[in-house]
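One structure is given below, encoded as C-alpha cells.
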Amino acid sequence: LAKTTQPISMDSYEGQEVNITCSHNNIATNDYITWYQQFPSQGPRFIIQGYKTKVTNEVASLFIPADRKSSTLSLPRVSLSDTAVYYCLVGDHSGNTPLVFGKGTRLSVIA
Amino acid sequence: GAVVSQHPSRVICKSGTSVKIECRSLDFQATTMFWYRQFPKQSLMLMATSNEGSKATYEQGVEKDKFLINHASLTLSTLTVTSAHPEDSSFYICSARATGSGYGYTFGSGTRLTVV
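One line per chain: the protein sequences are S and A, in this order. Each residue of the first sequence is one higher than the one before, counting from 13 in the working numbering. Each residue of the second sequence is one higher than the one before, counting from 397 in the working numbering.
Here it is in C-alpha cells:
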C-alpha cells in the first residue's frame, strides 16, 4: 500500500483558501487518491476522490499532477466549521482492501 | 448515498465485562467491512477485516480472542470487546464500501468505549 505524507497541522483564517498537499511517491497504477475529513468523535467523511488531473465537487478541488506522486486538496473560503483533521489516502478502493490511514493534517481555522 | 449505521455511539462498561458494537450498512450490501480503533489525538488504526460468512482477518498485534468479529449477514457486522479493561477504552469505527459507489468508503459514526 502506498504511503502518504502530509503536513501535521495547518492554520488558516476564515475566508481564505486552504491547500493541503500530500506526497505519495510509490502510488500504483490502479490506485486512486481520496481525501477524508474527520471531526472529533465522528467517523471520517468522504470529501473527494481522483485519479489524475483535476477533480472538483461542491466542497473541494483535488489537483493531481501528471506523475501522480502528489496531490493537493483545495478548500475554498474556509469557515470555522472546516476545522478538522484531513486524511489523504491512496489505494485501489475496490471495497475489498482496507484503507490505511496516515497521520493526517489537523486544520485549524481562526476567526 | 451509502450509509453505515453504528451503534451504540457511547458505552461505559465495568472492567471484565463484554461490550458488543454493531455496524450496519443501511442501503447497500457489504460483503466486507473494516474495523478501526482510534486513540485520542491519533489516527485510525485498522484492527480487522470482517468478511460475510467467513472468519475475520486481524491485523498484527490485535488479539482475535479479545475482539470477536461476526459478519453473519450482508448488512451487519459486530465487534465484541470481551473482558474489557481500561486500556481498551477507545473510539471504535467501522467502514464499508458500496459496490459502484462514487463516494469512496463509508464510515460509521463511531463508538466511544469507556471501561471503568
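Virtual Cβ for every residue (Gly too), placed ideally from N, Cα, C. If you're wondering where the values come from, they're calculated on a predicted model, not measured in any experiment.
If we require 3 or more residues per run, which beta strand (DSSP E) segments fall completely within the segment 36-76 of chain S? 44-50, 57-62, 65-68 and 73-76
Taking 8 Å as the threshold (C-beta atoms), are residue 477 of chain A and residue 414 of chain A in contact? Stepping through the second sequence from its first residue, residue 414 of chain A is reached at position 18. Stepping through the second sequence from its first residue, residue 477 of chain A is reached at position 81. Contact: yes.
Applying a beta-carbon distance threshold of less than 8 Å, which residues of chain A neighbour residue 116 of chain S? The residue labelled residue 116 of chain S in the question sits at position 104 within the first sequence. Under the 8 Å cutoff, chain A gives 439.
Leaving out five residues on either side along the sequence, give the residues of the same chain with a beta carbon under 6 Å from the beta carbon of residue 454 of chain A. Residue mapping note: residue 454 of chain A aligns to position 58 of the second sequence, counting from 1. Within the same chain, residue 454 of chain A has close Cβ partners 444 and 460.
Using the three-state DSSP reduction, which class does residue 23 of chain S fall into: helix, strand or coil? In the first sequence, the residue the question calls residue 23 of chain S occupies position 11. Strand.
Under 8 Å between C-beta atoms of residue 92 of chain S and residue 71 of chain S: Your numbering for residue 92 of chain S matches position 80 in the first sequence. Your numbering for residue 71 of chain S matches position 59 in the first sequence. Cβ distance not < 8 Å, so residue 92 of chain S and residue 71 of chain S don't count as in contact.
On the DSSP letters alone, give me the boundaries of the beta strand (DSSP E) that residue 80 of chain S sits inside. Working through the first sequence from its first residue, we reach residue 80 of chain S at position 68. No beta strand (DSSP E) contains residue 80 of chain S, which DSSP labels as neither H nor E.
Any heavy atom of the ligand NAD inside 7 Å of the beta-carbon of residue 112 of chain S? Ligands in the displayed structure: none, and consequently the ligand NAD is not present.
For residue 503 of chain A and chain S, any beta-carbon pair shorter than 8 Å? Stepping through the second sequence from its first residue, residue 503 of chain A is reached at position 107. Under the Cβ distance rule, residue 503 of chain A counts among the residues neighbouring chain S, one pair being separated by less than 8 Å.
Let me know the secondary structure DSSP gives residue 93 of chain S once reduced to three states. For the purposes of this step, residue 93 of chain S is identified with residue 81 of the first sequence, where counting begins at 1. Correct three-state label for residue 93 of chain S: helix.
Could you round the C-beta distance between residue 100 of chain S and residue 39 of chain S to whole angstroms and report it? I think they count as a contact, below 8 Å. Position 88 of the first sequence holds residue 100 of chain S. Position 27 of the first sequence holds residue 39 of chain S. The Cβ separation is near 11 Å, so there is no contact.
Buried or exposed for residue 432 of chain A, please, with buried defined as at least 16 other CB atoms from any protein chain shown within 10 angstroms of its CB. As a first step, residue 432 of chain A must be located in the second sequence, where it is residue number 36. So residue 432 of chain A counts as buried.
For residue 459 of chain A, which of helix, strand or coil comes out of DSSP? Translated into the one-based positions of the second sequence, residue 459 of chain A becomes position 63. Annotated three-state conformation of residue 459 of chain A is coil, per DSSP.
Excluding the 5 residues preceding and the 5 following residue 49 of chain S in the sequence, name in chain order all residues of the same chain whose CB lies nearer than 6 Å to its CB. Taking the first residue of the first sequence as position 1, residue 49 of chain S is located at position 37. For residue 49 of chain S, where only same-chain residues beyond five positions count, the Cβ hits under 6 Å are 57, 59, 96 and 98.
Going by DSSP, what residue range makes up the beta strand (DSSP E) through residue 418 of chain A? Within the second sequence, the letter at position 22 stands for residue 418 of chain A. Where residue 418 of chain A is concerned, the enclosing beta strand (DSSP E) stretches over 415-421.
Taking the CB atoms as reference points, tell me whether residue 500 of chain A and residue 402 of chain A lie closer together than 8 Å. In the second sequence, residue 500 of chain A corresponds to position 104, counting from 1. In the second sequence, residue 402 of chain A corresponds to position 6, counting from 1. No; because the gap between Cβ atoms is not below 8 Å, this pair is not in contact.
Spell out whether any CB of chain S is found under 8 Å from the CB atom of residue 465 of chain A. In the second sequence, residue 465 of chain A corresponds to position 69, counting from 1. No, because no Cβ of chain S sits closer than 8 Å to the Cβ of residue 465 of chain A.
What's the call for residue 468 of chain A, buried or exposed, on a 16-neighbour Cβ count within 10 Å? If you number the second sequence from 1, residue 468 of chain A lands on position 72. Exposed: under 16 other Cβ atoms inside 10 Å.
Which term fits residue 435 of chain A, buried or exposed, when burial requires 16 or more other beta carbons within 10 angstroms of its beta carbon? Sequence index remark: in the second sequence, residue 435 of chain A carries index 39 (1-based). By the neighbour-count rule (16 or more Cβ atoms within 10 Å), residue 435 of chain A is not buried but exposed.
Name the residue from S:51, S:82, S:53 and S:54 whose alpha carbon lies nearest to the alpha carbon of residue 62 of chain S. For this step, residue 62 of chain S is matched to residue 50 along the first sequence. Taking only the C-alpha atoms, the option nearest residue 62 of chain S is S:82.
Could you tell me which chain A residues have their CB closer than 8 Å to the CB of residue 112 of chain S, listed as they occur along the chain? The residue given as residue 112 of chain S occupies position 100 in the first sequence. Per Cβ cutoff of 8 Å: 442.
Distance check for residue 494 of chain A and residue 472 of chain A, CA to CA, integer angstroms please. Here residue 472 of chain A is taken as the residue at index 76 of the second sequence, counted from 1. Here residue 494 of chain A is taken as the residue at index 98 of the second sequence, counted from 1. It is roughly 13 Å from the alpha-carbon of residue 472 of chain A to the alpha-carbon of residue 494 of chain A.
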